[in-house]
Each structure stands twice: as C-alpha cells, then as structure tokens.
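**Student:**
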Amino acid sequence: MPVFHTKTIESILEPVAQQISHLVIMHEEGEVDGKAIPDLTVPVAAVQAAVSNLVRVGKETVQTTEDQLMKRDMPPAFIKVENSSSKLVQASQMLKADPYSVPARDYLIDGSRGILSGTSDLLLTFDEAEVRKIIRVCKGILEYLTVAEVVETMEDLITYTKNLGPGMTKMSKMIEERQQELTHQEHRQMLVNSMNTVKELLPVLISAIKIFVTTKSSRGGGTEEAERNRRFTFEKMSAEINEIIRVLQLTTWDEDAWA
Amino acid sequence: PGREMVRQARILAQATSDLVNAIKMDAEG
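Here the protein sequences line up with chains A and B, keeping their order.
Just so you know, the numbering used here puts 37 at position 13 of the first sequence, and the rest follows in order with no gaps.
Just so you know, the numbering used here puts 1132 at position 13 of the second sequence, and the rest follows in order with no gaps.
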C-alpha cells in the first residue's frame, strides 16, 4: 500500500522520509550516543536557503490563487518548515560549541521531521487545490448535461453538442493526467473505467436527444419513451461523473482508514 | 508559481536528505 497518493509527492518525500526514519531508529537504538557530530553549518545552511526559497514561492502561489482553501491551509505549512529550519540552525550552533550535545541531537531529529511534515502539508494542500480545479470542470459538465432536458429542436441540439464537446475533451484530458499521477492502482482503474463509460455514453445521449427531438416534431407517439430514454442516459452519465468526483477526492489514507 | 513551488519542495527535500546523511554518516563511521 503506497504511503503517498501521488507520484510527484512520493518522488519528493519518500527518499527523505526513509533517511529520517533510519536516523530515528539509529537514535533510538543509541547508535549515535557518545559520538561527536561534525560541523553541520554547510548542510544546515543549504536547508535554510531551500526553506526560504520554498516559502517565498509558496507565498507567491497563495497570493495569486483564487482558491480560498489553499489561501487558508498553506500558511501553517510555511510556519512549520520555518520553525523546523530554525531548530536545525540552533542545533548546528549548539554542536559547534559541543559536538556531543544531546539536546542538539534532539533538535536535529525534530527539525528534520518538521521539514518533512511541513513539506508534506504544503504539497498535499497544493495537490488538493489541483484536484478542486478538476472537480470544477467535472461539475461544469454535470451542470451542462442538465441542459439536455430543454433541447427541443435540431438547431438546439447542434449548439448543445458544440458546447458540450470542448468541456468533455478538457475533462477527459484532466482525468487521464490525474490517473497517471496516482500511486493507488485501484483509484486509477476506477477513474479510467468511469471516464470510459462517460465517453461511451456521450454519443448515446446525443442520439437519445435526437430521437426525442424527431419524435416530438413529428407529433407521433413515443415522445414519452424517448424522454425516458434520454433521462436514463443523462442519469447514467451524471452518476459516472459523480463517481469520478468522489474518487478524485480519495487518498491512500482513506483506504487505510476504511480497511 | 505552483510548479515552481513543487520544484522548490524537491530541492528542500534533497537538502534535508543530504543533511540527514551527513548526521548518519558520522554516526555510522
């Protein structure tokens, strides 16, 4: 079971998480006790500079986004990485005075863990905002699908098809890119299956609307049946898009909690 | 800015990894 739910986050955090985990084990087993830690000024300064750059770019991202949840959730992550960076700087200064300092070792572990945790919070917050972008497109399609109910002429149908096409293409592209990003195989498959169903149902819906329009204009029988058929296809498509929206919001942790 | 933020996060993770390595290498050595 993957710990990180996207490949990007996994590729960034997995290696450093393993390193820190190993360091913690060494610390707990007393392997670092009684040993002098050398001058860490250079690697700590590199972390400090990287934190400063990340927070600067992060703040720019928060300023430019219209996503209110990201504006709210991102700043605590900045504080977490900045505080952790300060701990590392303090540890480095303490070790300069005493390479055997025990509190300095604790600060190093706390600081490293804090950087990992803060970076994880930041990346997850950003990823959630990216998911919300995809969901907005999906909801736009859901909304436009309901317009099918007011299509009564062939002209309307042409306009409807023309308007629906680009949105569908955009949603399909976004879902394809997202499923490739996910580390959880089941979630990937669920997105692919639902998107394929939506794509298969699109011409069926257009055809159902066409039959409804033709039946209605000929003033013969079968209008009710055509309407039922149109509604059935519309409801099936809506259900699949709602399923896509649900799966997009799942993370590996949801699955773990459920298990 | 979003992509740049992800790039900077990657740089920070690498710098943290290097730091942890430096601490560990000494302990192992």
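Heads up, the beta-carbon is just placed ideally off N, CA and C, and yes, glycines get one too.
Which residues in the same chain have their Cβ closer than 8 Å to the Cβ of A/G82, if we skip the five residues on either side of it in sequence?
**Tutor:** To locate residue 82 of chain A, count along the first sequence from 1; it is residue 58. Scanning its chain for C-beta atoms nearer than 8 Å, with the 5 sequence neighbours on each side dropped, one finds around A/G82 the residues M98, A101, F102 and L146, in chain order.
**Student:** For a contact defined as C-beta to C-beta under 8 Å, what are the partners of A/T170 on chain B?
**Tutor:** Locating residue 170 of chain A in the first sequence gives position 146, where the first residue counts as 1. Under the 8 Å cutoff, chain B gives no residues; its nearest Cβ is about 32 Å from A/T170.
**Student:** Take A/S242 and list the residues in its own chain whose beta-carbon comes closer than 8 Å to its own, dropping the five residues that flank it on each side.
**Tutor:** Residue numbering aside, residue 242 of chain A sits at position 218 when the first sequence is read from its first letter. Taken in chain order, the list of residues that qualify is empty.
**Student:** Would you mind stating whether A/G191 and A/Y168 have Cβ atoms separated by less than 8 Å?
**Tutor:** In the first sequence, the residue the question calls residue 191 of chain A occupies position 167. In the first sequence, the residue the question calls residue 168 of chain A occupies position 144. For A/G191 and A/Y168, yes; Cβs fall inside 8 Å.
**Student:** If you compare alpha carbons, which of A/L148, A/S110 and A/E154 is closest to A/D134?
**Tutor:** The count along the first sequence starts at 1 and reaches residue 134 of chain A at position 110. Distance from the Cα of A/D134 is smallest, within the candidate group A/L148, A/S110 and A/E154, for A/S110.
**Student:** Pick out whichever of A/S196, A/E154 and A/R96 has its Cα sitting closest to the Cα of B/R1122.
**Tutor:** Residue 1122 of chain B sits at position 3 when you count from the first residue of the second sequence. Checked all of A/S196, A/E154 and A/R96; the closest Cα to B/R1122 is A/E154.
**Student:** Run through DSSP, which three-state label would A/L64 get?
**Tutor:** Against the first sequence, residue 64 of chain A aligns to sequence position 40. Coil, per DSSP.
**Student:** What in chain B is Cβ-close to A/H29, meaning under 8 Å?
**Tutor:** Residue mapping note: residue 29 of chain A aligns to position 5 of the first sequence, counting from 1. Those do not exist, as A/H29 stays about 15 Å from chain B at its closest Cβ, beyond 8 Å.
**Student:** Cβ closer than 8 Å: which chain B residues qualify as neighbours of A/A70?
**Tutor:** Here the question's residue 70 of chain A lines up with position 46 in the first sequence. Ordered by position in chain B, the residues that pass the 8 Å Cβ test against A/A70 are A1134, D1137 and L1138.
**Student:** How many angstroms separate the CA atom of A/E267 from the CA atom of A/N187?
**Tutor:** Counting from one through the first sequence, the residue named residue 267 of chain A turns up at place 243. Counting from one through the first sequence, the residue named residue 187 of chain A turns up at place 163. Going by the C-alpha atoms only, they are around 23 Å apart.
**Student:** Check the Cβ-Cβ distances between A/L78 and every residue of chain B, and say whether any is below 8 Å.
**Tutor:** Counted from its first residue, the first sequence places residue 78 of chain A at position 54. At least one chain B Cβ lies under 8 Å of A/L78.
**Student:** As a quick exercise: from A/A172, A/P67 and A/E205, pick the residue whose alpha carbon is nearest that of A/S262.
**Tutor:** On the first sequence, residue 262 of chain A is found 238 positions in, with the first residue counted as 1. The candidate whose alpha carbon is nearest that of A/S262 is A/A172.
**Student:** Going by beta carbon distance, what residues of the same chain come within less than 6 Å of A/R252, once the five residues before and after it are set aside?
**Tutor:** Counting from 1 along the first sequence, the entry for residue 252 of chain A is found at position 228. So the list is empty, once near-sequence residues are dropped.
**Student:** A/T177 by DSSP, collapsed to three states: which one?
**Tutor:** For the purposes of this step, residue 177 of chain A is taken as the residue at position 153 of the first sequence. A/T177 falls in the coil class under three-state DSSP.
**Student:** Look at the alpha carbon of A/R255 and the alpha carbon of A/L226, and state the distance between them as a whole number of angstroms.
**Tutor:** Within the first sequence, numbered from 1, the residue matching residue 255 of chain A stands at position 231. Within the first sequence, numbered from 1, the residue matching residue 226 of chain A stands at position 202. A/R255 and A/L226: Cα-Cα distance of roughly 13 Å.
**Student:** Could you give the residue range of the alpha helix (DSSP H) that holds A/L226?
**Tutor:** Residue 226 of chain A sits at position 202 when you count from the first residue of the first sequence. Where A/L226 is concerned, the enclosing alpha helix (DSSP H) stretches over Q209 to S242.
**Student:** In whole angstroms, what is the alpha-carbon distance linking A/T65 and A/L119?
**Tutor:** Taking the first residue of the first sequence as 1, we reach residue 65 of chain A at position 41. Taking the first residue of the first sequence as 1, we reach residue 119 of chain A at position 95. The alpha-carbon atoms of A/T65 and A/L119 are separated by roughly 9 Å.
**Student:** Could you name the residues that DSSP lists as bridge partners for A/L206?
**Tutor:** Numbered from 1 along the first sequence, position 182 holds the residue referred to as residue 206 of chain A. Paired residue(s): A/T30.
**Student:** In angstroms, rounded to a whole number, what distance separates the CA positions of A/V105 and A/L47?
**Tutor:** Against the first sequence, residue 105 of chain A aligns to sequence position 81. Against the first sequence, residue 47 of chain A aligns to sequence position 23. Inter-residue distance for A/V105 and A/L47 is about 19 Å (C-alpha atoms, whole angstroms).
**Student:** Within the same chain, show all residues whose beta-carbon is closer than 8 Å to that of A/E295, passing over the 5 residues directly before and after it, in chain order.
**Tutor:** The structure shown does not extend to residue 295 of chain A, since chain A is modelled only from 25 to 283, so the question has no answer here.
**Student:** Could you tell me whether the Cβ of A/L146 comes closer than 8 Å to any Cβ of chain B?
**Tutor:** If you number the first sequence from 1, residue 146 of chain A lands on position 122. Taking CB atoms only, A/L146 has a neighbour in chain B less than 8 Å away.
**Student:** Could you give the distance in angstroms between the alpha-carbon of A/T177 and the alpha-carbon of A/T257?
**Tutor:** Walking along the first sequence from the start, residue 177 of chain A turns up at place 153. Walking along the first sequence from the start, residue 257 of chain A turns up at place 233. C-alpha separation (whole angstroms): 19 Å.
**Student:** Short check: CB of A/L132 to CB of B/I1130, under 8 Å?
**Tutor:** Indexing the first sequence from 1 puts residue 132 of chain A at position 108. Indexing the second sequence from 1 puts residue 1130 of chain B at position 11. No, they are not a contact pair.
**Student:** Classify B/G1121 as helix, strand or coil using the three-state DSSP reduction.
**Tutor:** As a working note, residue 1121 of chain B is residue 2 in the second sequence. DSSP places B/G1121 in helix when its eight states are reduced to three.
**Student:** Identify the contact partners of A/L132 in chain B, using a Cβ-Cβ distance below 9 Å as the criterion.
**Tutor:** Here residue 132 of chain A refers to the residue found at position 108 of the first sequence. By Cβ distance, chain B contributes L1138, V1139 and I1142.
**Student:** Is the separation between the beta-carbon of A/I159 and that of A/I230 shorter than 8 Å?
**Tutor:** As a working mapping, residue 159 of chain A is identified with position 135 in the first sequence. As a working mapping, residue 230 of chain A is identified with position 206 in the first sequence. No. Outside cutoff.
**Student:** Buried or exposed for A/M195, going by 16 or more other Cβ atoms inside 10 Å?
**Tutor:** Numbered from 1 along the first sequence, position 171 holds the residue referred to as residue 195 of chain A. Counting Cβ neighbours within 10 Å, A/M195 comes out buried, since at least 16 surround it.
**Student:** Do you know how far the Cα of A/V86 is from the Cα of A/K95?
**Tutor:** Locating residue 95 of chain A in the first sequence gives position 71, where the first residue counts as 1. Locating residue 86 of chain A in the first sequence gives position 62, where the first residue counts as 1. Between A/K95 and A/V86, the C-alpha separation is close to 5 Å.
**Student:** Roughly how many angstroms separate the alpha carbons of A/T193 and A/S144, rounded to a whole number?
**Tutor:** Taking the first residue of the first sequence as 1, we reach residue 193 of chain A at position 169. Taking the first residue of the first sequence as 1, we reach residue 144 of chain A at position 120. Approximately 32 Å between the Cα atoms of the pair.
**Student:** Short of 8 Å Cβ to Cβ, which residues in the segment 93-109 of chain A face chain B?
**Tutor:** Within the segment 93-109 of chain A, the residues whose Cβ lies closer than 8 Å to some Cβ of chain B are V105, listed in chain order.
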